[in-house]
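Notes follow the structure.
In UniProt numbering, the protein residues as written are 1 to 147.
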């Protein structure tokens, strides 16, 4: 089981943040290839590991950079207020820290403004965390993830 551990002097204030690569899902990539259209290159974003999020969220910046097409709409809670959110199928590669590709494709994500998170474009939710082991070591300022 590949794993990583990382230490951050700002773990308490910023939370557990990792780099993730966002890619188009395989179905969309295949459709673009068949239409002889260019496929956007993967883009690396910062993601906050959020055990309180049942699914993974992306910011509007991510969806606009990839020109994502909504696959549906869902009501989500943000700060206690229900709002309608676009749902997208994408690929998320969390392997940056593992030094190999670990891609969830497709994974259905919701779009949310991520208010107050100026340096974050993704919240990794329990949909991804449920496939591994996440350990938060507060006194050490570190966390680990195995998958």
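Ideal placement from N, C-alpha and C gives every residue a C-beta, glycine not left out.
The structure presented is a predicted model; accordingly, all values stated were derived computationally and were not measured.
If the five residues before and after residue 60 are omitted, its C-beta is found closer than 8 Å to the C-beta atoms of 111, 113, all from its own chain and listed in chain order.
Taking 3 residues as the shortest admissible run, the region 64–136 contains the following complete beta strand (DSSP E) segments, listed from N- to C-terminal end: 72–78, 81–93, 103–111, 122–124. If you look at residue 55, you'll find it isn't in any alpha helix (DSSP H); DSSP assigns it neither H nor E. C-alpha of residue 75 to C-alpha of residue 69: approximately 18 Å in a straight line. With respect to residue 123, residue 27 sits apart: the two C-beta atoms are not nearer than 7 Å. Distances from the CA of residue 14 to each of 117, 129, 131 were compared; the closest alpha carbon is that of 117. Collapsing the DSSP output to three states places residue 8 in coil. When secondary structure is reduced to three states using DSSP, residue 26 falls in the helix class.
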